[in-house]
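The structure appears below as structure tokens.
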Amino acid sequence: MALTNLPHELLDIIVEYSLPQSFENLATTCKKIYARCTPLIKRHNELRSRFRDFVYYAHARDSLVGASDLINLIAADPIVARYIRIANLVGDSRFLPHVRVRGEPPKSVPSIEDGGVIVQLFADSTYLRRARLDWREYYSTFAEDVREMRYSQHGSAFLLTLLGDTENLTIPSSWKPNAATNQLLDVVVKEAKQSSFLSSGLRSVTSFLGSLSRSETENWGLSWASPFLALPHLKSFSGSGGLAVGENPRSLAFRGSPHIADTLKAAHLGGCCIDDVGITDFLKHTPRLKTLRYSHSTQHDYLPPDWDICKFINAVAREAGSHLIELSVKILELRGSILPGKASTRSFQKLKKFEFPLKLVMCNINAAGVTGNIATSLQRFFDGSLDPFVRDLIPTSVTHLSLKSEGMGPHDKALDALFHHFRAVRRSQLPNLQEVHIACKQEADNAYKQQCNKIVAEGDREGVVVHLQAYEYSGGLNWDG
């Protein structure tokens, strides 16, 4: 083997460079190379155990509570960064109050004048230089945050430039973008997309989770997420509490941005307030999206209280109907009401899993002209004398269906509208349907419960498994990403 003929000095360099990803494979190639790896095995195992799945912590004997602590470690021993495959940074600075209570002296970083490895790390940063940021000014802001024992956006953003091998990233819950860190992040993303060097900052990230600090109401949109969405290998994005509405263009994820999320496969947008303009902007820049999970919330009084869910669904169908496979649209909290309208899913060509609230069905029933005596009107609907908009809510490609409801009001009629003459609907409209999940809470109306039980029996006869969910998070569909 040619490798074993190399001098020990060169072999030791190769072994060092193999850490951590290739180290174990290299060590098992032959006895000679294993012997060169042996002195590093203990350290390799310790670093892997400590940093592979990283979270901030505050223990009695040791603590890593903020970005400055981790940057210090990496500055002293750069190989630490290469071990971090899962970086859960959500708790950045969360444990600082515990440190104060215990009376521990605050951790500090040296001044620029005093120098040291961490100062040199900032001074040598090609990212700061390419972002045209004065490293001294940037470091000084970071150092002041550390001295005052507060969260440092400068520190958190700089840390990301060091995480070239991280695959799963969760940003701090206190993430507060500012002009300097936005400049830095733009350069990191640009470098990650253009560089062939595998350890470029954030280049390896495939899964991202984050949201904007709730105190940052001025920029409380999805625009903060645009750089992360553009990471070259990103497959899954999860963001919560985002605002993206046409009345506020600055809140949109991509408006005015050169970024495009051309590798994204799954997006989870929870507790957001996004209208049809906002979701259109998002989907136009995610051309390969397969899974979209969205829950709507207008909890805060500065958000639009009402929601046009029909326009939202139509926008999703229009922009992503050719490639979306899984879609979940739910209402988390609504201060106002669902605006009248009608939705169509005819543009969905490949949709397999579909989850939506029964309020959407009621919109289409109303749009179809069902007024007065709803039972009589629905019979007219089934007889074909009304526009068949309700049946068009479920694409023929769907195999798994989930329906959300509190089980009160006219929602038993919504179920009846979808599954009246279950056998005929199943065979003509939904030939691929395999499973149906229906929310059926204990406090639901009796008429609603009876309708649910009827669908269970009829589904059984047609070979469709119908699950009744008594609780919001019991069972349900499994989603990719």
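0 is the number of the first residue of the sequence shown in numbering that gives the first Met the number 0; add one for each residue after it.
Even glycine gets a Cβ: it sits at the ideal position worked out from N, Cα and C.
Values in this document were obtained by computation on a predicted structure and should not be read as measured data.
With residue i and residue j assumed to form a contact (beta carbons below 8 Å), what rounded beta-carbon distance in angstroms separates them?
i, j, result
"Thr398", "Gln348", "Wrong, their Cβ atoms sit about 14 Å apart, outside the cutoff."
"Pro231", "Thr262", "7 Å"
"Asp164", "Ser203", "5 Å"
"Lys403", "Ala438", "5 Å"
"Ser206", "Gly238", "12 Å between Cβ atoms; not a contact."
"Leu288", "Ala252", "About 13 Å; that fails the 8 Å criterion."
"Lys341", "Leu476", "At roughly 25 Å, the Cβ-Cβ gap does not stay under 8 Å, so Lys341 and Leu476 are not in contact."
"Asn431", "Ser396", "6 Å"
"Ser346", "Gly320", "3 Å"
"Val244", "Asp280", "Contact doesn't hold; Cβ gap of about 10 Å is too wide."
"Leu338", "Asp305", "5 Å"
"Ala66", "Ser155", "5 Å"
"Val186", "Leu201", "Actually they are not in contact, since the Cβ atoms of Val186 and Leu201 sit about 11 Å apart, beyond 8 Å."
"Ala260", "Leu291", "The pair is not a contact, with the Cβ atoms about 12 Å apart (cut-off 8 Å)."
"Glu166", "Arg84", "5 Å"
Among the options, whose alpha-carbon lies nearest the alpha-carbon of residue i?
i, options, result
"Arg426", "Glu457, Leu158, Leu233 and Ala243", "Glu457"
"Ala366", "Lys352, Val435 and Leu392", "Leu392"
"His284", "His466, Ser222, Asn181 and Glu325", "Ser222"
"Glu332", "Val435, Leu69 and Ser296", "Ser296"
"Ser151", "Arg128, Ser92 and Glu190", "Ser92"
"Val116", "Pro77, Ser294, Glu246 and Thr28", "Pro77"
"Asn554", "Thr28, Gln449 and Ile312", "Here the chain has residues from 0 to 480 only, and residue 554 is not among them."
"Ser410", "Met361, Ala66, Ile70 and Ser343", "It is His, not Ser, that sits at residue 410 in the sequence shown. Among Met361, Ala66, Ile70 and Ser343, the Cα nearest to that of His410 is on Met361."
"Ile278", "Ala142, Val315 and Pro248", "Val315"
"Asp300", "Gln20, Leu242 and Phe227", "Leu242"
"Leu184", "Ala224, Met148 and Thr205", "Ala224"
"Ala416", "Glu442, Cys309, Asp459 and Leu357", "Leu357"
"Lys453", "Ser250, Tyr138, Pro430 and His420", "His420"
"Leu467", "Phe281, Asp479 and Leu414", "Leu414"
"Glu442", "Ala423, Arg422, Arg460 and Met407", "Met407"
"Phe157", "Phe141, Glu166, Leu168 and Asn167", "Phe141"
"Lys41", "Thr28, Pro19 and Ser62", "Pro19"
"Leu95", "Arg84, Ile111 and Asp68", "Asp68"
"Leu282", "Arg317, Cys272 and Pro248", "Arg317"
"Val463", "Ala469, Leu429 and Asp444", "Leu429"
"Arg422", "Gln449, Gly154, Thr160 and Val455", "Val455"
"Ala75", "Gly90, Lys192, Val108 and Glu405", "Val108"
"Glu405", "Arg334, Lys448, Pro394 and Asn87", "Lys448"
"Leu208", "Thr180, Glu147, Arg146 and Gly90", "Gly90"
"Ala178", "Lys412, Gly240, Tyr137 and Ala191", "Tyr137"
"Tyr470", "Pro248, Val145, Lys440 and Arg460", "Lys440"
"Leu168", "Arg146, Ser235 and Arg128", "Ser235"
"Ala80", "Leu159, Tyr126 and Leu9", "Leu159"
"Ala191", "Tyr126, Glu246 and Asn247", "Tyr126"
"Gly114", "Glu147, Leu88 and Asn71", "Asn71"
"His322", "Leu161, Leu350 and Asn247", "Leu350"
"Gly335", "Ile308, Arg128 and Phe355", "Ile308"
"Gln193", "Val54, Ala229 and Gln182", "Ala229"
"Pro257", "Glu246, Val276, Cys272 and Phe227", "Phe227"
"Lys264", "Thr28, Pro286, Gly270 and Arg254", "Pro286"
"His153", "Arg128, Glu325, Asp459 and Thr180", "Thr180"
"Ile111", "Glu143, Val276, Arg460 and Ala57", "Glu143"
"Ser327", "Thr344, Leu63 and Phe355", "Phe355"
Taking residue i as part of the alpha helix (DSSP H), name the residues at either end of that continuous run.
i, result
"Glu419", "The residue asked about is misnamed: residue 419 is His in this sequence, not Glu. Taken as a continuous stretch (DSSP letters only), His419 belongs to no alpha helix (DSSP H), as it is neither H nor E."
"Lys448", "Asn445 to Arg460"
"Asn313", "Ile308 to Ala319"
"Ala80", "Ile78 to Tyr82"
Along the beta strand (DSSP E) that carries residue i, what are the first and last residues, could you check?
i, result
"Phe355", "Lys352 to Pro356"
"Gln468", "Val464 to Gln468"
"Val435", "Glu434 to Ala438"
"Leu326", "Glu325 to Glu332"
"Ile337", "That residue, Ile337, is in no beta strand (DSSP E); it is neither H nor E in DSSP."
"Ala86", "Ile85 to Asn87"
"Asp68", "Segment Ala66 to Ala75 is the alpha helix (DSSP H) holding Asp68; no beta strand (DSSP E) there."
"Ser225", "Premise fails: Ser225 lies in the alpha helix (DSSP H), Ser225 to Leu228, not in any beta strand (DSSP E)."
"Gly238", "Ser235 to Ser239"
"His399", "His399 to Lys403"
"Asp305", "Note, Asp305: premise wrong, no beta strand (DSSP E); not H, not E."
"Asp52", "Asp52 to Val54"
"Gly209", "Ser206 to Gly209"
Within the 8 Å Cβ cut-off, does residue i reach chain C?
i, result
"Ser155", "Among the chains of the structure shown, chain C does not appear; only one protein chain is present."
| said: Under 8 Å: do the region 42 to 62 and the region 124 to 136 share three or more Cβ pairs, one atom per stretch? | reply: no
| query | Is there contact between the region 114 to 122 and the region 172 to 191, where contact requires at least three CB pairs shorter than 8 Å? | reply | no
| query | For the region 241 to 300, which segments carrying the beta strand (DSSP E) assignment without a break, of at least 3 residues, lie completely within its bounds, in sequence order? | reply | 265 to 273 and 290 to 296
| field | Runs of beta strand (DSSP E) wholly within the region 123 to 196 (minimum 3 residues, chain order) | value | 167 to 169
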